[in-house]
Amino acid sequence: MNTAKPMDKCNTWSEINWKKVERQVFKLQKRIYQASQKGDVKLVHKLQRLLIKSHNGKLIATRKVTQDNQGKKTAGVDKIKCLTPKQRLELVKNLKLGKKVKPSRRVWIPKPKKKEKRPLGIPIIYERALQALVKLALEPEWEAIFEPNSYGFRPGRGTHDAIEAIFLAIKQKSKYVLDADIAQCFDKINHEKLLTKMATYPSLKRQIKAWLKCGVLENDNLFPTMEGTPQGGVISPLLANIALHGMEERIKQYARTIKGKKAENERSLNLIRYADDFVILHEKLEVIQKCQEIIEEWLGEMGLNLNKGKTTITHTLNEYEGKIGFDFLGFTVRQFPVGKHHSGKNTKGVKLGFKTLIKPSKEKIKIHQAKMNKVIQKHKSSPQIKLIQELNPVISGWSNYYATVVSKEIFSSCDHVTYNQLRRWSNRRHPKQNHQWIVHKYWHPEGNKKWVFSVQNQERSYQLRTHVETPIVRHIKVKGSRSPFDGDLIYWASRLGRHPELSKEVSKLLKKQKGRCNHCGLIFKDEDLLEVDHIIPRSLGGNNSYSNKQLLHRHCHDVKTAHDGSLTRIHDKKSIREERNEAKESCYVLKTSKRGDSLT
282 MNTAKPMDKC NTWSEINWKK VERQVFKLQK RIYQASQKGD VKLVHKLQRL
332 LIKSHNGKLI ATRKVTQDNQ GKKTAGVDKI KCLTPKQRLE LVKNLKLGKK
382 VKPSRRVWIP KPKKKEKRPL GIPIIYERAL QALVKLALEP EWEAIFEPNS
432 YGFRPGRGTH DAIEAIFLAI KQKSKYVLDA DIAQCFDKIN HEKLLTKMAT
482 YPSLKRQIKA WLKCGVLEND NLFPTMEGTP QGGVISPLLA NIALHGMEER
532 IKQYARTIKG KKAENERSLN LIRYADDFVI LHEKLEVIQK CQEIIEEWLG
582 EMGLNLNKGK TTITHTLNEY EGKIGFDFLG FTVRQFPVGK HHSGKNTKGV
632 KLGFKTLIKP SKEKIKIHQA KMNKVIQKHK SSPQIKLIQE LNPVISGWSN
682 YYATVVSKEI FSSCDHVTYN QLRRWSNRRH PKQNHQWIVH KYWHPEGNKK
732 WVFSVQNQER SYQLRTHVET PIVRHIKVKG SRSPFDGDLI YWASRLGRHP
782 ELSKEVSKLL KKQKGRCNHC GLIFKDEDLL EVDHIIPRSL GGNNSYSNKQ
832 LLHRHCHDVK TAHDGSLTRI HDKKSIREER NEAKESCYVL KTSKRGDSLT
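Each residue of the sequence shown is one higher than the one before, counting from 282 in our numbering.
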């Protein structure tokens with residue numbers, strides 16, 4: 282017998298049946314997606330109204346900005362950083378389209394390796410929750426429409442899909458490349474053009490216009506926003522993608538006018554976009570130059586233009602204007618001549634083959650090594666185990682990101698640099714000791730390895746992770762125009778388990794749990810925040826083995842940890858397990874809905 286209260290009858294945040302809430306919201310999103318695919322605009326708008334007015338949608342939106350979002354403790358102009366469970370329920374009741382919009386708070390953050398700063402506009406918590414609610418309704422509609430080679434700020438897609446798309450476009454032919462960047466994309470979008478392009482129903486259009494025109498408050502001075510979508514808003518990335526939608530189709534229209542077979546011309550001319558960065562690929566230089574003119578004209582209609590300083594034309598194999606290959610999303614893409622029986626020619630007219638190699642860019646390697654050095658310098662006087670704990674996440678995160686391309690030699694080079702940095706660290710700590718003494722103190726044999734920076738004690742050995750131990754695994758690009766709203770649960774769950782940036786530990790636990798959270802039983806989605814939890818807490822005698830670990834949503838982990846902290850010290854493992862089961866029955870746990878994987 283189901284004793285759960287209806288969503289609108291719950292008096293406390295902990296009484297909410299999040300599993301039911303998630304399913305109800307996703308069913309509506311799936312229907313919006315299917316209606317948008319069929320071109321039924323009237324039904325799309327009807328379902329969007331229903332979702333925005335629904336209590337379940339408001340609950341998900343509120344939880345997303347008050348509990349799940351990593352920037353949840355950033356205050357807007359009202360200076361409110363976080364809400365209590367009671368205040369969250371009040372916020373849910375008050376969410377409604379059409380209320381007066383307060384201005385955003387201007388925050389400046391530094392750009393990496395530049396003196397410039399990036400402006401952010403931070404809305405108040407109420408506006409963030411309302412934007413999250415509107416995004417729940419708008420995203421399924423546009424996911425059914427967006428072009429297949431758009432990868433930035435979209436559920437189920439990422440940088441590795443964009444890089445793999447580039448590889449597939451050039452693996453058989455060397456091509457010229459227009460490596461382009463849109464100048465101040467978020468700050469220059471024409472509001473009227475964007476609203477016209479969205480073609481949504483009147484009340485939602487007025488609300489979006491109010492967010493665009495709300496202005497920003499900086500040092501008690503109010504500045505109007507006559508153009509652009511303020512970075513920092515929940516809905517801003519989606520609005521930017523809508524503004525840039527149609528760019529690929531415009532290029533395909535031009536491809537059909539090129540002499541030759543239309544289908545072949547469309548396949549050979551590729552535009553691959555990630556947010557406001559994109560590349561256009563074709564074997565003929567004149568086609569690339571014409572595409573640049575077409576794109577500049579197309580962007581001008583949205584109030585945008587190309588950044589002349591960052592927009593260049595290069596070639597993947599041959600030198601053009603002093604450069605070969607190009608950098609994109611932290612990767613260097615280039616082709617190298619090999620053999621003599623395939624396409625391509627050198628200066629003497631001899632036929633050459635080529636091999637396409639994608640590697641980490643030199644700039645990103647330098648940034649990573651500088652970050653490693655900064656961590657080591659910060660821990661000059663720290664114990665060795667503390668330094669290892671700080672360095673391991675940096676090494677594993679960077680290595681996992683580049684583990685899908687040709688990185689083995691670079692990983693080895695990074696390990697050599699790290700060793701030299703650690704030698705300086707150890708020599709500084711013991712200036713009067715000789716080389717052999719220092720090596721025996723900090724480097725120990727571990728298995729087949731003779732030199733491992735590690736700490737050995739009676740319980741276990743803590744060792745520094747190396748870059749080169751990360752296996753190279755090729756990434757499989759997302760299929761065409763697939764979306765998490767299409768209902769193919771198996772496809773999206775399997776992609777999440779193979780995500781290149783997941784650690785080995787998380788991947789193992791995902792496989793063990795069949796992609797579900799052990800606390801709430803719901804399927805993990807692409808942007809869910811995950812936590813590795815000890816089933817029996819270490820403070821209660823639990824060990825660090827895989828059998829004592831589970832993967833939870835971050836908010837599920839918070840609830841479970843709070844419950845563990847309220848328990849008295851229990852030595853019997855069976856008793857602890859019984860306490861956990863009682864907690865499940867008495868308190869429905871929280872769950873993230875960041876990207877909309879299918880739930881049945």
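Where a beta carbon is used, it is the ideal one built from N, C-alpha and C, also for glycine.
Between the stretch 456-476 and the stretch 766-773, do at least 3 Cβ pairs fall closer than 8 Å? no
Considering only C-alpha positions, which residue in the set 691, 700, 730, 743 is nearest to residue 753? As a first step, residue 753 must be located in the sequence shown, where it is residue number 472. Ranking the options by Cα distance to residue 753, first place goes to 691.
Along the alpha helix (DSSP H) that carries residue 483, what are the first and last residues, could you check? To locate residue 483, count along the sequence shown from 1; it is residue 202. In this chain, the alpha helix (DSSP H) harbouring residue 483 covers 483-493.
Name the one or two DSSP bridge partners that residue 554 has. Counting from one through the sequence shown, the residue named residue 554 turns up at place 273. Paired residue(s): 431, 559.
Can you tell me whether residue 534 is buried or exposed, with buried defined as 16 or more other CB within 10 angstroms of its CB? Reading the sequence shown from its first residue, position 253 is the one you call residue 534. Around the beta-carbon of residue 534, fewer than 16 other beta-carbon atoms lie within 10 Å, marking it exposed.
With 16 other CB atoms within 10 Å as the buried threshold, where does residue 367 fall? Taking the sequence shown and counting its residues from 1, the one referred to as residue 367 is at position 86. Residue 367 comes out exposed.
Which two residues bound the contiguous beta strand (DSSP E) that contains residue 617? Indexing the sequence shown from 1 puts residue 617 at position 336. 612-619 is the span of the beta strand (DSSP E), which, as asked, contains residue 617.
Do you know offhand how far residue 744's Cα is from residue 677's? On the sequence shown, position 463 is the one that residue 744 refers to. On the sequence shown, position 396 is the one that residue 677 refers to. Roughly 13 Å between the two C-alpha positions.
Just to confirm, is the Cβ distance from residue 342 to residue 433 under 7 Å? Locating residue 342 in the sequence shown gives position 61, where the first residue counts as 1. Locating residue 433 in the sequence shown gives position 152, where the first residue counts as 1. Taking 7 Å as the Cβ cut-off, residue 342 and residue 433 do not qualify as a contacting pair.
Between which two residues does the beta strand (DSSP E) carrying residue 574 extend? As a first step, residue 574 is located in the sequence shown; it is residue number 293 there, counting from the start. Not the beta strand (DSSP E): residue 574 falls in the alpha helix (DSSP H), residues 566-581.
Whole angstroms are fine: how far does the CA of residue 660 sit from the CA of residue 391? Reading the sequence shown from its first residue, position 110 is the one you call residue 391. Reading the sequence shown from its first residue, position 379 is the one you call residue 660. Residue 391 and residue 660: Cα-Cα distance of roughly 24 Å.
If you drop the 5 nearest sequence neighbours on each side, which residues of the same chain put their C-beta closer than 7 Å to that of residue 410? Residue mapping note: residue 410 aligns to position 129 of the sequence shown, counting from 1. Correct list, in chain order: 342, 343, 346, 372, 376.
Can you check which of these residues, 641, 446, 515, 644, is closest to residue 559 by C-alpha distance? The residue you call residue 559 lines up with position 278 of the sequence shown. The shortest Cα separation from residue 559 among 641, 446, 515, 644 belongs to 446.
Beta bridge counterpart(s) of residue 730 as assigned by DSSP: Numbered from 1 along the sequence shown, position 449 holds the residue referred to as residue 730. The partner list for residue 730 (beta bridge, DSSP) reads 727.
In its own chain, which residues sit with a C-beta less than 8 Å from the C-beta of residue 563, not counting the 5 before and 5 after it? Indexing the sequence shown from 1 puts residue 563 at position 282. Same-chain partners within the cutoff: 456, 457, 549, 550, 551, 569, 572.
My parser needs the beta strand (DSSP E) runs of 3 or more residues fully inside the stretch 791-840; what are they? 811-815, 830-834
Alpha carbon to alpha carbon, what distance is there between residue 415 and residue 584? Position 303 of the sequence shown, counted from the first residue, corresponds to residue 584. Position 134 of the sequence shown, counted from the first residue, corresponds to residue 415. Going by the C-alpha atoms only, they are around 25 Å apart.
Determine which residues share a DSSP beta bridge with residue 398 and list them. Within the sequence shown, residue 398 is the residue found at index 117, counting from 1. Partner(s): 391.
Cα-Cα, which of 461, 316, 816, 389 is closest to residue 512? For this step, residue 512 is matched to residue 231 along the sequence shown. Closest option to residue 512, Cα to Cα, is 389.
Would DSSP call residue 779 helix, strand or coil? The sequence position of residue 779 within the sequence shown is 498, counting from 1. Residue 779: coil per DSSP, three-state reduction.
With residue 442 as the anchor, note down where its alpha helix (DSSP H) starts and where it stops. Here residue 442 refers to the residue found at position 161 of the sequence shown. Where residue 442 is concerned, the enclosing alpha helix (DSSP H) stretches over 440-451.
Helix, strand or coil for residue 866 per DSSP? The sequence position of residue 866 within the sequence shown is 585, counting from 1. At residue 866, the pLDDT of 37 sits below 50, so the modelled position is not reliable; the number obtained from the coordinates is stated separately. Helix, per DSSP.
Answer yes or no: do residue 637 and residue 452 have a C-beta to C-beta separation smaller than 7 Å? Taking the first residue of the sequence shown as 1, we reach residue 637 at position 356. Taking the first residue of the sequence shown as 1, we reach residue 452 at position 171. Yes.
Kindly confirm or deny that the stretch 305-313 and the stretch 795-807 touch, where touching means at least three C-beta pairs closer than 8 Å. no
Classification of residue 820 by the beta-carbon crowding that lies within 10 angstroms, buried from 16 upward: On the sequence shown, residue 820 is found 539 positions in, with the first residue counted as 1. By the neighbour-count rule (16 or more Cβ atoms within 10 Å), residue 820 is not buried but exposed.
Can residue 835 be considered in contact with the ligand GTP, in the sense that its beta carbon sits closer than 6 Å to one or more heavy atoms? What this structure holds is no ligand at all, so the ligand GTP is not there to describe.
According to DSSP, is residue 586 helix, strand or coil? The sequence position of residue 586 within the sequence shown is 305, counting from 1. Here residue 586 sits in coil by DSSP.
Do residue 814 and residue 834 count as a contact pair if the criterion is CB distance below 7 Å? In the sequence shown, residue 834 corresponds to position 553, counting from 1. In the sequence shown, residue 814 corresponds to position 533, counting from 1. No. Outside cutoff.
Check residue 594 in the structure and name its three-state DSSP category. By 1-based counting over the sequence shown, the position of residue 594 is 313. Three-state DSSP puts residue 594 in a strand.
Candidates 838, 700, 470, 449: which alpha carbon is nearest residue 761's? To locate residue 761, count along the sequence shown from 1; it is residue 480. Cα-wise, what sits closest to residue 761 is 449.
Residue 811 to residue 662, Cα distance in whole Å? In the sequence shown, the residue the question calls residue 811 occupies position 530. In the sequence shown, the residue the question calls residue 662 occupies position 381. The alpha-carbon atoms of residue 811 and residue 662 are separated by roughly 32 Å.
What are the partner residues of residue 463, as DSSP defines its beta bridges? Within the sequence shown, numbered from 1, the residue matching residue 463 stands at position 182. Bridge partners of residue 463: 587.
Within the stretch 687-763, note down every full alpha helix (DSSP H) run reaching 4 residues or more, in order along the chain. 689-710, 716-723
Please report the distance separating the alpha-carbon of residue 497 from that of residue 697. Working through the sequence shown from its first residue, we reach residue 497 at position 216. Working through the sequence shown from its first residue, we reach residue 697 at position 416. It is roughly 48 Å from the alpha-carbon of residue 497 to the alpha-carbon of residue 697.
Three-way DSSP call (helix, strand, coil) for residue 608 in this model: Counting from one through the sequence shown, the residue named residue 608 turns up at place 327. In this structure, residue 608 counts as strand in the three-state DSSP scheme.
Three-state class that DSSP yields for residue 514 in the structure shown: Residue 514 sits at position 233 when you count from the first residue of the sequence shown. Strand.
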